[in-house]
Amino acid sequence: MDIIYYECKKAFTSPILIALLLLFASYNILLIVSTSDRREELKVANQLAGKYGVGITDDSMNQFREDLQHDLVKLNEITRTDYSEAELDFFTELQLKEKYYEMANDIDNRYDQIDWEQIGESQINMYRFSGSAADTMKNEYIKLSLRFEEMKDNDEHKMWFFAGDPYKMHSFLFRTIFGHVIFESLIIIALAAALITNYEFENRTHLVAYTTTRGRRLMRDKLAASLLTATTVSVFILILTLGTYFAVFDYSHLWGSSISSALNWEYKLPYVSWWNISFSAFLIWSILLVYASMMLFTAIIFSISIFVKNNYFTFFIFAVFFAVALLLPGFIPASTNLIFIAGYNLSQLVMNPHMFLMGNSSGAMMFKNYEWITICAWTIIVVALSYISLRRFRKQDIH
Amino acid sequence: MRILFHEIKKIFTWRILLLLVIANAVLFFLRIEFHISHFPNGRPSLDSYRIGIEMISKYGNDMDEEDRRDFKKTYEVQVQEANQYLQSNKEFAEAGVGTYEDFLNIDWENKEQAALRDKIMFEEQVDIFWELPERRRLMDFHETKEARVGTYKNGANPRQEARFDEMISAGHYQVYPEVVMENFKEFIFNVAIAILVSVVLIISPVFMKDRSRQLLDLQYTTRKGRELYKTKLAAGLISTLGVITALLIVYFGMYALNNTEMYFNVPIHMFIDSFSWYDPTLLQYMALTVAAIYMLGLVYALLAMSFSSMMPNYIALIGIQVPFVIAMITYGLTYLVTRIINIEVPQWVVPTSYSGMVAVSVLFIIFMWKREKHRDIVV
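Residue numbers (full-length UniProt numbering), protein chains in the order written: chain A, 1 to 399; chain B, 1 to 379.
Here it is, written out as structure tokens:
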């Protein structure tokens, strides 16, 4: 245990890594605070969920309408033209509430117009899928439309949430904020893991370190230390960033809202999750997926370090690996299922955190089982890779 | 000289070269390829590009009232052609679409007409029906050109206002299509990213490499002694220039596939695009952005070398440069390369930024050299 601790210490006593960690964390905080001007307007969704319950039912809508009419009467009573501050707030709030009412009222109408099989067709045309790839895509969209029907039956999408248009809070949290967290953690993790793994060679202590009783088994401790360091780094950034986010934006009555809420409709298509999960569950799943990806990336960096034995190259080779995996599906002919298999990679996964578990995505990412298959497949690959590199290191010429 | 040559050879090891090629290939496919293989990006961009060439060959670098009348006439002639096309086409006549005007007013609810419209627009892609709206759009721009400058002038500060007045009195209005200009801006922005990353990648190990191998004890006790530091610095700068030049040649070689040379001698104030402080031609603007890339490359090379002689290990060396490179890519490059003479950026900002960056990086490396002269290398 001591050894792992001392290995971790190598990363955490590096002033540059600490500085980067603090820099990134403060950047995220700044990013969140600088967008907090819409906080006031966002309160309305929370209020509605608090007052009428998070689910949108006929009863609650009737109640809502009555209250709105009541407010309108109050509005008409104000005949003066020099409005007080409180009155102006009342006006904007009423206006927003009316907008939410209209949006909620329009859900069935808008959802009835969506035909997923047709959307699938246009996706197939857009990405020029043919042959077995087109068939796979068609099947998946048939499944999605079944899921969509199920959703319309059980009304899970009828829940209050921040209006996707114009606020786009889902994209802000899960794309912008999570994207920053992932990218920043990855940079620090790559540096830290390479630092720990190659430390002995860089500092010319390898002839001592690898001839002790522990010997070359020290590499296993280095792997454990890298994973531990990666955990600490990602947890630190995540806690600070998400802590700030939820302190700035109030979600108190919306934790139980559905992630597929119809109000959360940002762009052309609504968010349709393959599973009936709440916002809080989605948040936890996202964190777990990101964490699992970070662990897998750490082990990949560890293996690259062992093979390359040079920190400088390790970092850039990892960057190239990340980017190539991202580009991979683009190089594969769109006529076979191979193009989807190529999409099952960690780079694709972590580049689209707002599309986790969602069916309204594109390419392999829209498949129901995309996330867990990617993680499982890569766990197997990474375990094998780590095993091979550890084996290799046992007999490597380190002089 | 021989030592300099050897130092340059030490920078370009085959591994670094391989990494350089792979990194650039990745960045190319990730960010640059699109702006080359998708230019012009579908229709009506293609028509815009073609009409631009036609306008340049007809009207040259200056479009006066007469030219604009001529452009309008071309439009009207083409409307006649469209009318003839529609009238000679039985299907359209039957569907009650006899003139171009009818065609523009096609009712979306009318399935028969909509299908015909889709047929000639998307299936057959008849050129005139794509060109006409594009010409119409340009004519709208021609008609509102004074009003647009006026709107911008209203919200301007005194210096910008003076510049707008200057443009108005010179008769510089935006009349030519913007596709080429926009495409070049996207292209050069991404090329700047690739070159910045490449320079940092190549140059960072310059001083660190020998130091981490404990070669300094040997090197600094030769007759050349610590002067070697300057030779390594020179080697670094020469390599930077070499890498930037080589990459620019490759990337501009690809850019040549876009076939935009007809646009090169047109002053950039002619394009329907952002306004500028100065009136270079497109080619001069390109040269300016290239100069900017050289400058940025040299500044980042100097910084990389300073960090290289200061940082204790490779991880710290990469770590400290990450914020600088990311900040430059996300915030700096638009101002320092693509919007280098944009009127929205105060006139003094760009020259001041460059002077500041050059001053800081030069002072930094001088400081590092002074430090190196007295540094205790036996640790």
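The C-beta atom is built at its ideal place from N, Cα and C for all residues, glycine as well. The model shown is predicted, which means the values in this text are computed figures rather than measured ones.
Here the C-alpha atom of F331(A) lies approximately 42 Å from the C-alpha atom of L4(B).
A distance of 8 Å or more separates the beta carbons of N265(B) and F39(B). Interface flag for Y251(A) against chain B is unset, since no Cβ pair is found closer than 8 Å. In terms of CA proximity to S239(B), V200(B) leads the group G171(B), V200(B), T222(B).
Interface flag for I22(B) against chain A is set, since a Cβ pair is found closer than 8 Å. Contact annotation: in the region 10–25 of chain A, residues whose CB is within less than 7 Å of a CB in chain B are S14, I16, L17, L20, L23. Its chain contains F129, W130 as the residues whose beta carbon lies nearer than 8 Å to that of M121(B), once the 5 sequence neighbours on both sides are disregarded; these appear in chain order.
One thing to note: S226(A) has its Cβ within 8 Å of the Cβ of I196(A). With fewer than 16 other CB atoms across the displayed protein chains lying within 10 angstroms of its CB, Q118(A) is exposed.
Listed along the chain, the chain B residues whose CB falls inside 7 Å of the CB of A323(A) are V26, L30. Burial state of A247(A) is exposed, judged by a 10 Å Cβ sphere holding fewer than 16 other Cβ atoms. Using a 10 angstroms sphere on the CB of K185(B), the tally of other CB atoms reaches 16 or more, which defines it as buried. Counting only unbroken stretches of 3 or more residues, no beta strand (DSSP E) element lies wholly within the region 235–298 of chain A. Within the DSSP bridge table, the entry for P353(A) names no partner.
In the three-state reduction of the DSSP assignment, Y176(B) falls in the strand class. By the criterion of at least three beta-carbon pairs nearer than 8 Å, the region 96–104 of chain B is in contact with the region 71–84 of chain B. Interface flag for E149(A) against chain B is unset, since no Cβ pair is found closer than 8 Å. Contact with chain A is found for V322(B), since one of that chain's Cβ atoms lies less than 8 Å from the residue's Cβ. Buried is the label assigned to N360(A), since at least 16 other Cβ atoms lie within 10 Å of its Cβ.
The C-alpha of V149(B) lies about 17 Å from the C-alpha of I341(B).
According to DSSP, residue pairing for G55(A) in a beta bridge involves M159(A). Setting aside the 5 residues that flank it on each side, F340(A) is surrounded in the same chain by A364, each with a C-beta closer than 6 Å to its C-beta; the list follows chain order.
Around the beta carbon of E66(A), fewer than 16 other beta carbons lie within 10 angstroms, which makes this residue exposed. One thing to note: Y176(B) has its Cβ no nearer than 8 Å to the Cβ of E372(B).
Rounded to the nearest angstrom, the Cβ distance from R394(A) to R216(A) is 5 Å, consistent with a contact under 8 Å.
For the region 293–325 of chain A, the set of positions with a beta-carbon nearer than 8 Å to some beta-carbon of chain B reads N310, N311, Y312, F313, F315, F316, I317, A319, V320, A323, V324 in chain order.
According to the DSSP assignment, R394(A) belongs to the alpha helix (DSSP H) that extends over 370–395.
Using a Cβ-Cβ cut-off of 8 Å, A95(B) does not count as an interface residue toward chain A, since no Cβ of chain A sits closer than that to its own. For P312(B), the three-state secondary structure derived from DSSP is coil.
The region 27–39 of chain B makes no contact with the region 157–177 of chain B: fewer than 3 CB pairs, one atom from each, lie closer than 8 Å. Legend: CB atoms of the region 283–294 of chain B lying less than 7 Å from CB atoms of chain A are not found in any residue. For L88(A), no chain B residue has a C-beta closer than 7 Å to its own C-beta; the minimum C-beta separation is roughly 27 Å. Within its own chain, the residues whose Cβ lies closer than 6 Å to the Cβ of W378(A), once the five positions on either side in sequence are excluded, are L296, L346, listed in chain order. The beta carbon of D67(B) is closer than 6 Å to those of Y59 in its chain, skipping five residues each way along the sequence. In the DSSP assignment, F129(A) falls outside any alpha helix (DSSP H) and carries neither an H nor an E. Annotation: R117(B) to D62(B) spans about 36 Å, alpha carbon to alpha carbon.
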